[in-house]
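Note sheet for the following structure.
In mature numbering (1 follows the signal peptide of the UniProt record, and there is no 0), the protein residues as written are -21 to -1, 1 to 208.
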């Protein structure tokens, strides 16, 4: 019996060696839910098969904030998002079959919400650098140009609505200080700006990426910072 057992063990070992890591282990899919909906209170996130009490749940994302949620990768899962003030009418309800990490941006006006789901592909950033990605979610600004105060070169030109850039690397040492990113329309008019200290909320030696997203806020525009991975 021992030779047969050894043969079976060898076959099982060869099969496992021939499988990829994804075949052997179930990986988690992560979605970062970003709430940029004008006039909305908290939104509540429900993942299929997870029982939820809307009155007491902590699965909430407040306005101008974000939170990560995870579920099994490569398996269909229903993701539903409702406003805390109206749990009967979902503002997002989709069956997702995903791998890896993603971001779901909720934006627009109350009762006229929109969303953008994108796959995140963070860069492996070396020390003293930070990767910054830009997204235009404004429906009123048209194409957007982005530059840094005091510099003549344009960082991003003609960024259209619902378009994200790749992560662009910037120096991130203490001596580099903060950056002021200016968001302008095609005529050069300032829409808004945001000051970014690349070291804020990051360990200097860690791998770091962040996203700057412009969105409509009433009759003007705002820029939100979303720390990535």
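The C-beta atom is built at its ideal place from N, Cα and C for all residues, glycine as well.
In the DSSP assignment, residue 135 falls within the beta strand (DSSP E) that extends over 133 to 138. With 16 or more neighbouring CB atoms inside 10 Å of its own CB, residue 62 falls in the buried class.
Take the alpha-carbon of residue 113 and the one of residue 85: they are about 16 Å apart. As for any beta strand (DSSP E) of minimum length 3 sitting wholly inside the region 97 to 183, the runs are 108 to 116, 123 to 127, 133 to 138, 147 to 150, 158 to 163 and 169 to 175, ordered along the chain.
In summary, residue 169 is exposed, with fewer than 16 beta-carbon neighbours lying within 10 Å of its beta-carbon over all protein chains present.
Scanning its chain for C-beta atoms nearer than 8 Å, with the 5 sequence neighbours on each side dropped, one finds around residue 20 the residues 41, 42, 62, 63 and 64, in chain order. The continuous beta strand (DSSP E) containing residue 74 extends over residues 71 to 75. Taking the C-beta atoms as reference points, residue 17 is found nearer than 9 Å to residue 87.
Rounded to the nearest whole angstrom, the C-alpha separation of residue 76 and residue 34 is 28 Å. Spanning the alpha carbons of residue 174 and residue 115 requires a straight line of approximately 17 Å.
At least 9 Å separates the beta-carbon of residue 193 from that of residue 142. Judged by DSSP in its simplified three-state form, residue 196 adopts strand.
Following the DSSP letters along the chain, one finds residue 88 inside the beta strand (DSSP E) bounded by residues 80 to 88. If you look at residue 37, you'll find it isn't in any beta strand (DSSP E); DSSP assigns it neither H nor E.
Ranked by how close their Cα comes to the Cα of residue 198, the residues 177, 158 and 119 have 119 in first place. Looking from the CA of residue 201, the closest CA among 207, 179, 171 and 188 belongs to 171. Take residue 207, set aside five residues on each side of it, and the residues of its chain with a beta-carbon closer than 7 Å to its own are 99, 101, 188, 189 and 190, in chain order. Exposure of residue 133 is indicated by the presence of fewer than 16 other C-beta atoms within 10 angstroms of its C-beta.
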